[in-house]
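K.L.:
Position 111 of the sequence shown, counted from 1, bears residue number 110 in numbering that gives the first Met the number 0, the numbering being contiguous throughout.
For each residue, glycine too, the CB sits at the ideal point set by N, CA and C.
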Amino acid sequence: MGKHVLVIEDEPNIVEAIRFILHRDGWRVDTHSDGATALEALRAQRPDVVILDVMLPGRSGFEILRELRSEDGLANLPVLMLTARGQAKDRETAERAGVSRYMTKPFSNAEVLAAVREMAGP
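Dropping the structure here:
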């Protein structure tokens, strides 16, 4: 089985698009759609890479990322943050929280795949 990615996103069309391109590339893809329980999912699944939406029900991606970065065993996990909001302040907030990569929706499939491959390393 290939590397494992956890997609934390509440828009079903985006989840399915990402699942399709990564699964086709050999990734094991799990999904989670609730911000309030996202950290529990991360702790339980221990993925190689996380794709994290900014605007989630229950808790923002920024809050999840800040807590993730302060937690032993998860602090160095590569995180690709997706957002529909491309404002500079959102990017700055993500960078301060410790994001690995930041991408604005709509994104290209090739762009997501390249980012995830790069973050996962060899």
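#1: Round the Cβ separation of I50 and L81 to the nearest angstrom and send it over; I've been treating them as touching at under 8 Å.
#2: If I measure Cβ to Cβ from H22 and keep anything under 6 Å in the same chain, skipping five residues before and after, which residues do I get?
#3: On the three-state DSSP scale, how would you describe L38?
#4: Inspect the beta-carbon positions of L64 and G97 and report whether they are closer than 8 Å.
#5: In three-state terms, what does DSSP make of R65?
#6: Can you tell me whether DSSP reads M118 as helix, strand or coil?
#7: On the three-state DSSP scale, how would you describe R18?
#8: How big is the Cα-Cα spacing for A119 and L76?
#9: Among residues of its own chain, excluding the 5 on either side of Y32, which ones have a beta-carbon nearer than 7 Å to its beta-carbon?
#10: Mark A93 as exposed unless 16 or more other C-beta atoms lie within 10 angstroms of its C-beta, in which case mark it buried.
#11: Identify, in the order they occur along the chain, each residue of the same chain with its Cβ nearer than 6 Å to the Cβ of P46, setting aside the five sequence neighbours on each side.
#12: Write down every uninterrupted run of the beta strand (DSSP E) in the segment 45-104 whose length is 3 residues or greater and which is fully enclosed by it, in chain order.
#13: Can you tell me whether F19 is buried or exposed? The criterion is at least 16 other CB atoms within 10 Å of its CB, across all chains shown.
P.N.:
Result, derived from the coordinates:
#1: 6 Å
#2: V28
#3: helix
#4: yes
#5: helix
#6: helix
#7: helix
#8: 9 Å
#9: Correcting the residue type first, residue 32 is Ser in the shown sequence and not Tyr. Excluding sequence neighbours, S32 sits near E8 and D9.
#10: buried
#11: H3, V4 and L5
#12: 48-52, 78-82 and 100-103
#13: exposed
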